[in-house]
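Novice: For my numbering, add 279 to where a residue sits in the sequence shown, where the first one is 1.
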Amino acid sequence: MKFNEIATVSGKSGLYKILKPTRGGVILESMDDKKAKLVAGASQRVSILGEISMYTMTEEGATPLEEVMKKIEKEFQGDLGLDASADADELSAFLKHVLPDFDETKVYPSDIKKLVSWYKIIREHAPEVLEEQKEEEEEKGSEN
Numbered sequence: 280m281k282f283n284e285i286a287t288v289s290g291k292s293g294l295y296k297i298l299k300p301t302r303g304g305v306i307l308e309s310m311d312d313k314k315a316k317l318v319a320g321a322s323q324r325v326s327i328l329g330e331i332s333m334y335t336m337t338e339e340g341a342t343p344l345e346e347v348m349k350k351i352e353k354e355f356q357g358d359l360g361l362d363a364s365a366d367a368d369e370l371s372a373f374l375k376h377v378l379p380d381f382d383e384t385k386v387y388p389s390d391i392k393k394l395v396s397w398y399k400i401i402r403e404h405a406p407e408v409l410e411e412q413k414e415e416e417e418e419k420g421s422e423n
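1) Rounded C-beta distance between residue 317 and residue 285? I'm assuming under 8 Å.
2) Using the beta-carbon count (16 or more within 10 Å), is residue 281 buried or exposed?
3) For residue 343, tell me which candidate among 373, 290, 332 has the shortest Cα-Cα distance.
4) Between residue 376 and residue 302, what straight-line distance do the alpha-carbon atoms span, to the nearest angstrom?
5) Measure from the alpha carbon of residue 311 to the alpha carbon of each residue in 294, 305, 300, 298, then state which is nearest.
6) Answer yes or no: do residue 401 and residue 395 have a C-beta to C-beta separation smaller than 8 Å?
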């Protein structure tokens, strides 16, 4: 599975694996033990994780969510020391550790809560998404 094959649906908790498009939307499967299927129509806002970024104070103005999650994996390897119900100061300190230049005026505690819960879902149900970087680097190394 790749980062661009994972989506979130506005108003629904959790993450979804994109199965296939339909005429009126897309068929999704929840990334939990229930594996519930959902047809998201045009009226529902579906966001692909590969297209989501976190605001930063850098020249680019944002860092892709995939990059942030891979930094979390590299640093913590699943042991975050906090969960999505942590208070705002803890969440902010956690993100500052991972992404020191995040924009504190545009990234809200609720965004960091989503990041933490999404990371845990991906780590449990699709850990290969977080490890992809190593494989890409090995492929590049063997090409040279």
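All C-beta atoms in this analysis are idealised placements derived from N, C-alpha and C, irrespective of residue type, glycine included. For clarity, every value in this text was computed on a predicted model and none was experimentally measured.
Specialist: In terms of the structure at hand:
1) To locate residue 317, count along the sequence shown from 1; it is residue 38. To locate residue 285, count along the sequence shown from 1; it is residue 6. Rounded, the Cβ-Cβ distance is 14 Å, inconsistent with contact.
2) Within the sequence shown, numbered from 1, the residue matching residue 281 stands at position 2. So residue 281 counts as exposed.
3) By 1-based counting over the sequence shown, the position of residue 343 is 64. The option with the nearest alpha carbon to residue 343 is 332.
4) On the sequence shown, position 97 is the one that residue 376 refers to. On the sequence shown, position 23 is the one that residue 302 refers to. About 43 Å.
5) The count along the sequence shown starts at 1 and reaches residue 311 at position 32. By alpha-carbon distance to residue 311, the top candidate from 294, 305, 300, 298 is 294.
6) Position 122 of the sequence shown, counted from the start, is the residue given in the question as residue 401. Position 116 of the sequence shown, counted from the start, is the residue given in the question as residue 395. Against a cut-off of 8 Å, the Cβ pair of residue 395 and residue 401 comes out as no contact.
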